[in-house]
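Quick note: the sequence shown uses our numbering, first residue 207, plus one each step.
The beta-carbon is built from N, C-alpha and C at its ideal position, and this holds for glycine as well.
Have a look at the structure below before the remarks.
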Amino acid sequence: MGGRVDLDGNQIKPITICMIGAGGFIGSHLCEKLMSETPHKVLAVDVYNDKIKHLLEPATLAWADRIQFHRINIKNDSRLEGLIKMADLTINLAAICTPADYNTRPLDTIYSNFIDALPVVKYCSENGKRLIHFSTCEVYGKTIGAFLPKDSPLRQDPAYYVLKEDESPCIFGPIEKQRWSYACAKQLIERLIYAEGAENGLEFTIVRPFNWIGPRMDFIPGIDGPSEGVPRVLACFSNNLLRREPLKLVDGGESQRTFIYIKDAIEAVLLMIENPARANGHTFNVGNPNNEVTVRQLAEMMTQVYSKVSGESSIETPTIDVSSKEFYGEGYDDSDKRIPDMTIINKQLGWNPKTSLWDLLESTLTYQHRTYAEAIKQAMSKTAAN
Ligand SMILES: NC(=O)c1ccc[n+]([C@@H]2O[C@H](COP(=O)([O-])OP(=O)(O)OC[C@H]3O[C@@H](n4cnc5c(N)ncnc54)[C@H](O)[C@@H]3O)[C@@H](O)[C@H]2O)c1
Ligand SMILES: O=c1ccn([C@@H]2O[C@H](COP(=O)(O)OP(=O)(O)O[C@H]3OC[C@@H](O)[C@H](O)[C@H]3O)[C@@H](O)[C@H]2O)c(=O)[nH]1
């Protein structure tokens, strides 16, 4: 670890990072990377720590003196400012960020993504601390192309769908489509952070993740999360595959997404952490434009990959269609297509994603099978016995 240098050839000095939401999917991978490959210290803040337990115990771990867990709900805990003051950099990951919540718990969603983030921004600004804030690709909303006639040739023109940090508009649906409560709250906190930078000199970086996926994402309903819970698509489809039930395609599975392997994305975050002069004042798309699929194609690929890694044949009817109203309830809406432009992150940090969709699904579904297959079998035989 000694002699590590940044992109400009300068020695990297160890820093202390206050990581809020460190116990979540992205936080757990970021903590792992920081512990295994850097000398930095982490003050890990979250209400849960199950996903980072392996980094906190036993006390004999090589990095034991570099990571500390603080069980804090940032909504109402006065210890937060002290931790931000102790750190050189704050990374805010805390949020409600599963689409099933946006239209069913819009108040919690808006409070979590805007109101609860306000003190974090304020403490960083007042104490002259650097902030890396996690926003989302959802701030772009729908593409301009989505409003063109279905047969318009302009739909093929990247100018109408590639999402650029410094050019693309943010296009949300009407207020009664509460799906956009999340995107809108994230957009406003981005604008506030930007304004703190412009008016009060806050040193900030905004990250817009484009569907990062991998091990430890969300939960498997009825195993390590509520049976009626609806996680993001990777965990929904994993759950269906593990239970040998059809994968549900919302509104025909026509929406398009680009998926990036969590480990590629974490490389980008580490570059931001260690190259402040290149990252400050910027908003970065972090995604993999080469991994675009429709949700239907994702379902088909996951079915094939799962069959390979589990050794089980796939079921006769691998997918079924379901309406968004049935699946998510009233007020759901969707982003049609999400291709990140990579110019800015490439220029500032020289970063590019590496892992193909097939490869990232193979390693992720191998993890899902190893972690959950036995527990699902037991849970299902218990239900059958009752
Ligand atoms: N995973 C993605 O592809 C993706 C895409 C776009 C944006 N993001 C953003 O990245 C961030 C992290 O996402 P993730 O996928 O790791 O989600 P996650 O739900 O796994 O992690 C969020 C963590 O924040 C914690 N948290 C929430 N509210 C808190 C509070 N009041 N006090 C303390 N801790 C709290 C949760 O307990 C959880 O561990 C979020 O801001 C999300 O909006 C993620
Ligand atoms: O079982 C399912 C689950 C989901 N889907 C569809 O799959 C697509 C992807 O769904 P996800 O649950 O991963 O969530 P989305 O990509 O819509 O939003 C995500 O984007 C970026 C982040 O800010 C959040 O993590 C989340 O809002 C959507 O079109 C959804 O309707 C299904 O067809 N079936």
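| Query | Result |
| --- | --- |
| Under 8 Å between C-beta atoms of alanine 404 and leucine 453 | no |
| Whole-number beta carbon distance between histidine 339 and isoleucine 399, since they are thought to touch under 8 Å | 6 Å |
| Glycine 230, buried or exposed, once every other Cβ within 10 Å from all chains shown has been counted against 16 | buried |
| Aspartate 357, buried or exposed, once every other Cβ within 10 Å from all chains shown has been counted against 16 | exposed |
| Secondary structure, alpha helix (DSSP H): runs of 4+ residues fully inside the stretch 212-243 | 231-243 |
| Where valine 456 falls, given that 16 or more other Cβ within 10 Å makes a residue buried | buried |
| Buried versus exposed, by CB contacts within 10 Å (16 or more), tryptophan 386 | buried |
| Residue closest to arginine 449, alpha-carbon to alpha-carbon, out of Asn417, Ala581, Asn486 and Pro415 | Ala581 |
| Residue(s) in a DSSP beta bridge with tryptophan 418 | Ile466 |
| Ordered list of alpha helix (DSSP H) runs contained in the stretch 517-566, each at least 4 residues | 530-534 and 549-555 |
| Enclosing alpha helix (DSSP H) for aspartate 283 [first to last residue] | Neither: aspartate 283 is in no alpha helix (DSSP H) and is coded neither H nor E. |
| Local Cβ density within 10 Å of arginine 422, reported as buried at 16 or more and exposed below that | buried |
| Straight-line Cα distance separating aspartate 322 from lysine 281 | 6 Å |
| Under the three-state DSSP convention, the category proline 432 falls into | coil |
| Span of the beta strand (DSSP E) around threonine 349 | It is not in any beta strand (DSSP E) - threonine 349 carries neither H nor E in the DSSP assignment. |
| Collapsed DSSP secondary structure at aspartate 252 in the structure displayed | strand |
| Contact check, threonine 222 vs lysine 247, beta carbons under 8 Å | yes |
| Neighbourhood of glutamate 409 by C-beta distance below 6 Å, restricted to the same chain and skipping five residues each side | Arg336 and Asn486 |
| Residue burial classification, tryptophan 564 (beta-carbon count within 10 angstroms, cutoff 16) | exposed |
| Proximity to glutamate 332 [Cα-Cα], best of Gly379, Glu402, Glu518 and Ile412 | Glu402 |
| Pairwise C-alpha distance: proline 245 and leucine 538 | Residue 538 is actually tyrosine in this sequence, not leucine. Going by the C-alpha atoms only, they are around 44 Å apart. |
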